[in-house]
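Have a look at the structure below, then the notes.
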Amino acid sequence: MKEKLKNKKERKGLLNFSASLIAIVAGLAVGLIILLFSNSSEALEGFSMILKGGFTSGSYGVGQMLYIATPIIMTGLSVGFAFKTGLFNIGASGQFTMGAFAAVYIGVKWTWLPAGIHWIVAILGAALFGALWGMIPGLLKAFRNVNEVIASIMTNYIGMYLVNMLVAGTIYDQIKNQSLPVAASATIPKAGLDRLFPEANMNIGILVAILLVIVIYILINKTTFGYELKACGLSPQASKYAGINEKRNIVLSMAIAGALAGIGGALMYLADVGKCIQVLDVISPEGFSGISVALLGISNPIGILFAGLFIGHITVGGDNLQLLSFAPEVIDIIISVIIYFGAFALLFKNVIIKFISRRRREAEKS
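For what it's worth, the working numbering labels the leading residue of the sequence shown as 48, then goes sequentially.
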């Protein structure tokens, strides 16, 4: 029996991997066509640069890949975690922004904290703000049956305007129209990674992201709470009859998802690269990238980790396109296409299932 369950789990994992691989290949194929239309004489060389990604620039490129991947791994983890409870957390951008503000505020104002714990407190503050912001659509869904997609879209916009107001009122640089830079004690340490990846922007934020991927994987797959969350996602009515508190799980799921996105905001803005929160009417794109990363990773924490690393990989490769005659916007278009196809990963999965089922029926008839 155990062997049968193990084989079934392995087949499911292979199926998920195949669906994501098809999505990536399809996206890259369209990307090649875009390069051909943009500059046919250098299209193949440019495509090769994208495929080589961070490895084109040696250790610097790998470090940049890990730095770029860190926040979208966190927002992808946020969206994927909510998916497990049958919830579509489209509000990751708002949660990311609220977490970013909390981290930057603590990083600017709480300079009395020792350097060793200042950045940790800032990340914890980001998790708290993200969790509180994620709870809003969770509470509306649980107690008023308000669709979480509509509620979280609204919290994205409210979060953006609220953070603009909070930054302008507390930590504002009027000349640059942005937040003040965080104190050096609040920046995430590199812990020797700058020697492994010289001149790259990466820090131990990627290790924090990987640790949280492992924690969420264990939480979902190895705990009673994770089982209850998945039960609510698969069949709310059945879980209710089984005595599972559906409303509590909805609120907790959205709160945890919000905390993960909030930490993503902290990991991005506490990096020692001088990044500040711009006071602009623009929703953070990292949240929406997280949706596609979650879809590309089939909502599996490990899959989300590799999907995020892949997006970071081709982003660094795309930056090298400017060495040729390509416009800098070309890689953004190609990444958008790949992310778009990533949204079809579940569709590809269903197509593969139908194809395998049809082949089995034909084999049984013959």
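The beta-carbon is built from N, C-alpha and C at its ideal position, and this holds for glycine as well.
For residue 52, is the classification buried or exposed, using 16 other Cβ atoms within 10 angstroms of its Cβ as the cut-off for buried?
Confidence at residue 52 is low in this model, with a pLDDT of 48, below 50, so the placement of that residue should be treated as unreliable; the coordinate-derived value is given next. Residue 52 comes out exposed.
Buried/exposed call for residue 303, threshold 16 Cβ in 10 Å:
Around the Cβ of residue 303, a 10 Å sphere holds 16 or more other Cβ atoms; the residue is buried.
Given residue 226 as reference, the closest of 235, 213, 232, 336 once Cα atoms are compared:
It is 213 whose Cα lies nearest to the Cα of residue 226.
Would DSSP call residue 221 helix, strand or coil?
Coil.
Of the listed residues 63, 78, 72, 69, nearest to residue 380 (C-alpha basis)
Selected option, being the one with the closest Cα: 78.
Go through the stretch 207-283 residue by residue and report every complete run of the alpha helix (DSSP H) that reaches 4 residues or more, in order.
If we require 4 residues or more, the alpha helix (DSSP H) runs fully inside the stretch 207-283 come out as 240-243, 252-269, 271-281.
For the pair the stretch 184-200 and the stretch 222-242, tell me if three or more CB-CB distances fall below 8 Å.
Contact between the stretch 184-200 and the stretch 222-242 is absent, because fewer than three Cβ pairs lie under 8 Å.
Please classify residue 298: is it buried, with 16 or more other beta-carbons within 10 angstroms of its beta-carbon, or exposed?
When all chains shown are included, residue 298 counts as buried.
Which whole-angstrom value is the C-beta distance of residue 276 and residue 122, which I expect to be below 8 Å?
In fact, because the Cβ distance is near 19 Å, the residues do not count as touching under 8 Å.
Backbone CA spacing between residue 329 and residue 284 [nearest angstrom]
Cα to Cα, the separation comes out at about 39 Å.
Three or more beta-carbon pairs under 8 Å between the stretch 238-251 and the stretch 335-342, yes or no?
Short answer: they don't touch.
With a threshold of 8 Å, are at least 3 pairs of Cβ atoms found where one atom belongs to the stretch 369-384 and the other to the stretch 396-413?
Note that the stretch 369-384 does not touch the stretch 396-413; fewer than 3 beta-carbon pairs, one per stretch, sit closer than 8 Å.
Which residues in the same chain as residue 106 place their Cβ atom closer than 8 Å to its Cβ, once the five residues preceding and following it in sequence are excluded?
Same-chain partners within the cutoff: 243, 244, 245, 247.
Which first and last residues belong to the alpha helix (DSSP H) in which residue 344 is found?
Premise fails: residue 344 is in no alpha helix (DSSP H) and is neither H nor E.
Leaving out five residues on either side along the sequence, give the residues of the same chain with a beta carbon under 7 Å from the beta carbon of residue 272.
So the list reads 266, once near-sequence residues are dropped.
Checking 8 Å against the spacing of the C-beta atoms, do residue 311 and residue 143 come in under that value?
In this structure, residue 143 lies closer than 8 Å to residue 311 by Cβ.
Proximity winner among 354, 335, 209, 274, relative to residue 325 (alpha-carbon distances)
Cα-wise, what sits closest to residue 325 is 209.
Buried or exposed by the 16-neighbour rule on C-beta atoms within 10 Å, applied to residue 111:
Its Cβ being crowded by 16 or more others within 10 Å, residue 111 is buried.
Is there contact between the stretch 247-266 and the stretch 341-361, where contact requires at least three CB pairs shorter than 8 Å?
Output reads yes: the stretch 341-361 touches the stretch 247-266.
Buried or exposed: where does residue 333 fall if 16 or more other Cβ atoms within 10 Å of its Cβ makes it buried?
Only buried fits residue 333, as 16 or more other CB atoms lie within 10 angstroms of its CB.
Return the chain-ordered list of same chain residues with a C-beta closer than 7 Å to the C-beta of residue 180, the five sequence neighbours on each side being excluded.
Taken in chain order, the residues that qualify are 141, 142, 145, 202, 206, 305.
Span of the alpha helix (DSSP H), counted from its first residue to its last, around residue 322:
Element bounds for residue 322: n/a, residue is neither H nor E.
Find the nearest neighbour of residue 230 within the set 289, 162, 183, judged by alpha-carbon distance.
Measuring C-alpha to C-alpha distances from residue 230 to each of 289, 162, 183 identifies 162 as the nearest.
Could you tell me the alpha carbon to alpha carbon distance between residue 102 and residue 66, rounded to whole angstroms?
Cα to Cα, the separation comes out at about 25 Å.
When we look at the beta-carbon of residue 185 and count the other beta-carbons within 10 Å, is it buried (16 or more) or exposed?
By the 10 Å Cβ count, residue 185 comes out buried.
Tell me, to the nearest whole angstrom, how far the beta carbon of residue 256 is from that of residue 117; I am working on the premise that it is less than 8 Å.
Distance from residue 256 to residue 117 at the Cβ level is roughly 5 Å; contact confirmed, criterion being Cβ atoms closer than 8 Å.
Among the candidates 104, 108, 374, 76, whose CA atom is the shortest distance from the CA of residue 94?
Of 104, 108, 374, 76, the residue nearest in Cα terms is 76.
I need the straight-line Cα distance from residue 391 to residue 321, nearest angstrom please.
Each residue's alpha carbon lies about 36 Å from the other.
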